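Enquirer: Residue numbers (my numbering): 172 to 245. Take this structure, written in structure tokens, and hold onto it; I'll ask about it next.
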Amino acid sequence: GIRRIEGKFSTGAVVNIISLEGTMIGRGLVYYSSEEIGKIRGKRSSEIGSILGGKVYEEVIHRDNLYIIQDTEK
172 GIRRIEGKFS TGAVVNIISL EGTMIGRGLV YYSSEEIGKI RGKRSSEIGS
222 ILGGKVYEEV IHRDNLYIIQ DTEK
């Protein structure tokens with residue numbers, strides 16, 4: 172799940188995905204703005220529609236819109 176949001180961004184923005192250790196592990200295209208993510212963070216997918224009052228996606232970033240950075244040091 173999402174632990175923290177930094178900065179402001181709109182729906183459709185490409186954002187960095189950072190591990191709990193602070194390492195960038197990927198980038199992805201978001202279905203929700205930073206403001207919307209703040210409202211739904213920690214909630215179940217089934218609750219998103221009632222919280223945001225509109226069309227919803229089950230995920231913030233779909234795997235088709237996700238780029239995982241490979242760790243080449245292993």
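Note that CB positions come from ideal geometry on N, CA and C, so glycine has one too. Computed from a predicted model, the values in this text were never measured in an experiment.
(1) Kindly give me the distance between the Cβ atoms of residue 198 and residue 187, rounded to whole angstroms, as I take these residues to be in contact under 8 angstroms.
(2) Using the rule of at least 16 other Cβ atoms within 10 Å of the residue's Cβ for burial, across every protein chain shown, is residue 231 buried or exposed?
(3) Closest by CA to residue 193, which one among 184, 228, 208, 177?
(4) Residue 239: which of 184, 227, 200, 181 sits nearest, CA to CA?
(5) Look at residue 179 and residue 204 and say whether their C-beta atoms are less than 9 angstroms apart.
Expert: Taking the geometry as given:
(1) 6 angstroms
(2) buried
(3) 177
(4) 200
(5) yes
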